[in-house]
Amino acid sequence: MRQFNVVVLGAGGVGKSALTVRFIRDVFVETYDPTIEEEYRRTVSVDGQLSSLEVLDTAGAEHFTSLNEVYIKSGRGFVLVFSLTQEASLREVDNLRQQIYRIKGGDTNVPIVVVGTKLDLVNEREVQRNTIQSLASRWDLPFYETSAKRNWHVNDVFEDLLRQMRLRYPTD
Ligand code: GDP
Ligand code: MG
C-alpha cells in the first residue's frame, strides 16, 4: 500500500484540528488544545485503491518558524486552512502557499488544497464564495468549503489531495 504524508497548515483557531480529527476519527471535537501538534494515520480507499495517509496537524503556524520549514520540506501534500468566518485568515494561506513554493524550489506541481472551514456558521460568514473562487483560480489551486462540525466535504479535501499526490509521485 502506498503511503503519503500530509501537513495541515493555517492560522490559529481556524479549525485545523477539528478538520483533521473529523477526517481521521469521524467525530467533532468542540475544544481542542491549540498547542497540540499531532500526527495521525488513516487508510483510505480512493478510486478503488487503498492508500495510507499520515496527517500532521500543526500548531502555531502563524509565523515562519524553522519547524514550519522542516514540515514543508518533508511534506508531500498540504492542506491550507482558513476560516470562512475570518477574512484575515486568508492572508496566512497566501503566505503559506508562497513559503511552500519557495521551499520546494519553485516546483509548481506541489499537491495543495485550500480549505475554508466553519461553513455551518452562516451568520458569521465573512469570506464570500466568489472571493475565494477568484483567489483559488489565480493561485491555480482547488478549494473546498467545509464544516468539521457537520461533516460537510471533509473527505473531499483529502481525496482531492490524495489524487494529486498519486499523480505527482507516481512511484517512490
Ligand atoms: P486550530 O487552532 O486551527 O486547530 O482550530 P480548532 O480545530 O481547535 O478549532 C478552533 C475553534 O473552532 C474550536 O472552538 C472549534 O470547535 C471551532 N470549529 C472548528 N471547526 C468548526 C466547524 O466546522 N464548525 C464550527 N461551528 N466550529 C468549528
Ligand atoms: Mg489545533
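So the sequence shown is numbered by this note's numbering: it starts at 2 and just counts up by one. Ideal placement from N, C-alpha and C gives every residue a C-beta, glycine not left out. Here the structure is a predicted model, which means the values were calculated and not measured.
Residue i Cβ short of 8 Å to the ligand GDP heavy atom set
{"i": "G11", "result": "yes"}
{"i": "A137", "result": "no"}
{"i": "L120", "result": "yes"}
{"i": "L20", "result": "yes"}
{"i": "A149", "result": "yes"}
{"i": "E31", "result": "yes"}
{"i": "V114", "result": "no"}
{"i": "V82", "result": "yes"}
{"i": "V56", "result": "no"}
{"i": "G14", "result": "yes"}
Which residues DSSP lists as bridging residue i, in chain order
{"i": "I113", "result": "F79"}
{"i": "R126", "result": "Paired residue(s): none; R126 is not in a bridge."}
{"i": "W140", "result": "Looking at the DSSP assignment, W140 forms no beta bridge with any residue, so it has no partner."}
{"i": "N69", "result": "Paired residue(s): none; N69 is not in a bridge."}
{"i": "G11", "result": "V82"}
{"i": "Q4", "result": "S53"}
Cβ neighbours of residue i in the same chain (closer than 6 Å, five flanking residues each side left out)
{"i": "W153", "result": "L120, T147"}
Own chain, CB closer than 8 Å to residue i, minus 5 neighbours either side, in chain order
{"i": "I104", "result": "E70, I73, K74"}
{"i": "Q134", "result": "F144"}
Cut-off 7 Å between Cβ atoms - residues of its own chain near residue i, not counting five sequence neighbours on either side
{"i": "G14", "result": "P35"}
Which residues neighbour the ligand MG when neighbourhood means a C-beta less than 7 Å away from any of its non-hydrogen atoms? List them by chain order.
Listed by chain position, these are K17, S18, Y33, P35, I37, D58, A60.
Below 8 Å, can you find three or more Cβ-Cβ pairs linking the region 41 to 49 to the region 114 to 129?
no
Is the number of C-beta pairs between the region 127 to 136 and the region 85 to 97 that are closer than 8 Å three or more?
yes
Counting pairs of Cβ atoms below 8 Å between the region 155 to 172 and the region 11 to 25, do you hit three or more?
yes
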